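In UniProt numbering, the protein residues as written are 1 to 290.
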């Protein structure tokens with residue numbers, strides 16, 4: 001009895017699938033664009049997005065300038081998104097909000113255009129042109145809808161994308177630091193990259209690490225410097241060291257900075273600073289008397 005039930009169920013399922021496929025093939029062959037639109041909606045509502053996409057891609061050109069064009073563009077964009085084809089979803093959402101400035105889904109389309117790019121954004125080690133485009137789209141959304149339905153989520157995504165760009169800069173800075181003096185002074189490149197990153201991403205969680213890389217690069221530069229430039233570079237290291245200590249008194253890299261401090265103390269004894277201060281004071285006093 002149980003076996004018979006399974007056979008009957010399998011037979012009914014086969015009939016249903018064949019009927020469904022037959023219906024879809026028939027609609028594909030139809031020359032009636034309104035029928036195809038009707039079935040595209042049906043497939044969309046039943047989450048058969050690949051069928052929706054195939055039908056809409058075929059009939060979209062015929063609806064240009066017609067009342068149904070807005071709905072066709074929206075369904076196509078959202079079907080691509082639901083299918084996780086985020087690149088095409090971005091393109092069609094952008095097409096929707098550009099072609100239908102007063103459309104029903106205008107706010108949603110502007111947000112989704114950026115959100116789709118965010119989801120499609122590649123690994124941090126790869127080119128981040130798509131992340132930059134996502135930032136641009138989401139910023140445009142916020143410009144149009146500063147208190148919109150998706151404003152809070154857009155701000156969170158923007159911050160996450162900024163962190164991703166900061167992380168990419170961190171990887172570059174670390175690479176320069178690890179290369180050291182290979183071929184040329186990569187420590188200088190590390191310093192420039194890190195300082196630019198701090199300027200561009202002041203609230204990044206990587207800010208302290210950038211500051212440490214600047215400090216470590218200045219140490220390597222001073223330590224390996226020729227004698228004629230060593231004093232100047234050690235003073236620059238000293239200034240950066242106290243700046244780091246002031247900003248991060250309980251910093252994650254304090255142990256690593258101990259050797260920097262020892263090197264500074266060795267190269268710039270405390271007496272030297274006192275002498276410089278006394279000489280400056282004497283000069284100021286002499287000028288006042290004169």
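Where is the CB? At the ideal position from N, CA and C, for every residue including glycine.
Predicted model only: the values in this text are computed from it and were never measured.
- Nearest to residue 176 by alpha-carbon distance, out of 187, 169, 166, is 187.
- Residue environment for residue 114: buried (at least 16 other C-beta atoms within 10 angstroms of its C-beta).
- Within the region 205-250, the runs of alpha helix (DSSP H) at least 4 residues long that lie entirely inside it are, in chain order, 207-223, 227-247.
- Secondary structure at residue 262: helix, using DSSP grouped into helix, strand and coil.
- Secondary structure remark: continuous alpha helix (DSSP H) runs of at least 4 residues inside the region 158-201, in chain order: 186-200.
- In the three-state DSSP reduction, residue 151 falls in the helix class (H, G or I).
- Residue range 129-144 is occupied by the alpha helix (DSSP H) that includes residue 136.
- For residue 43, same chain residues with a beta-carbon under 6 Å away, outside a window of 5 residues either side, are 51, 52 in chain order.
- Judged by DSSP in its simplified three-state form, residue 269 adopts coil rather than helix or strand.
- Taking 7 Å as the cut-off, the beta carbon of residue 244 is found closer than this to the beta carbon of residue 211.
- Sixteen is the threshold: when 16 or more other Cβ atoms of the shown chains lie within 10 Å of the Cβ of residue 138, as they do, the residue is buried.
- Secondary structure note for residue 36: its alpha helix (DSSP H) is the uninterrupted segment 33-45.
- Where residue 52 is concerned, the enclosing alpha helix (DSSP H) starts and stops at 49-59.
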